[in-house]
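Encoded as structure tokens, the structure appears first; notes follow it.
Shown next, in the form of structure tokens:
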């Protein structure tokens with residue numbers, strides 16, 4: 085297995101792209117030799133679903149596409165980033181607010197923290213932003 089691997093896909097900001105992003109992440113992790121039972125895979129599936137949903141629903145037409153990027157550095161860490169062209173940072177709702185949506189960043193933050201990872205939101209050169217999760221990663225073989 086290579087010490088460094090990257091995979092990227094750009095998708096339209098449309099509801100069907102959330103499923104496509106989740107499938108892409110799953111397929112890439114399988115190519116990298118990680119099985120479905122790995123806790124990291126399940127966490128990343130949920131995280132990419134939440135990030136892709138944010139990119140589709142909350143960019144208010146500012147981002148016609150979004151990009152999903154996976155990076156693996158050795159066996160130490162794996163990062164997943166979603167970049168869109170809307171410069172506004174996602175908003176976290178207070179825990180007491182009663183709403184059917186708006187909990188994505190809370191879910192992502194909890195999963196990331198539980199795994200000993202980190203969450204970062206950074207501006208990109210062309211005016212958008214990347215929301216990136218970096219997790220410690222030890223692969224669980226396919227089996």
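Numbering (the numbering used here), first residue to last: 85 to 227.
Glycine included, each C-beta is placed from N, C-alpha and C at the ideal position.
Rounded straight-line distance, which links the Cα of residue j to that of residue i
i           : j           : result
residue 142 : residue 163 : 22 Å
residue 114 : residue 213 : 28 Å
residue 97  : residue 139 : 7 Å
residue 188 : residue 116 : 27 Å
residue 221 : residue 111 : 17 Å
residue 118 : residue 146 : 35 Å
residue 104 : residue 165 : 15 Å
residue 217 : residue 204 : 7 Å
residue 169 : residue 99  : 17 Å
residue 210 : residue 94  : 16 Å
residue 87  : residue 219 : 16 Å
Residue range of the beta strand (DSSP E) that includes residue i
i           : result
residue 64  : In the structure displayed, the chain extends from 85 to 227; residue 64 sits before or after that span and is not available.
residue 204 : 202-207
residue 155 : 149-157
Nearest-angstrom beta carbon gap, residue j and residue i [assumed within contact, 8 Å]
i           : j           : result
residue 102 : residue 137 : 5 Å
8 Å Cβ cutoff met for residue i and residue j
i           : j           : result
residue 92  : residue 151 : yes
residue 132 : residue 172 : no
residue 208 : residue 135 : no
residue 190 : residue 90  : no
Residue span of the alpha helix (DSSP H) that contains residue i, given as start and end
i           : result
residue 168 : From DSSP, residue 168 is part of no alpha helix (DSSP H) but of the beta strand (DSSP E) over 161-168.
residue 103 : 100-115
residue 137 : 123-141
residue 212 : Note, residue 212: premise wrong, no alpha helix (DSSP H); not H, not E.
For the pair the region 122-138 and the region 189-206, tell me if three or more CB-CB distances fall below 8 Å. Under the Cβ criterion (8 Å, minimum of three pairs), the region 122-138 counts as touching the region 189-206.
For the region 150-169 against the region 189-196, are there 3 or more C-beta pairs whose distance is under 8 Å? Taking 8 Å as the limit for Cβ pairs, the verdict is that the region 189-196 does not touch the region 150-169.
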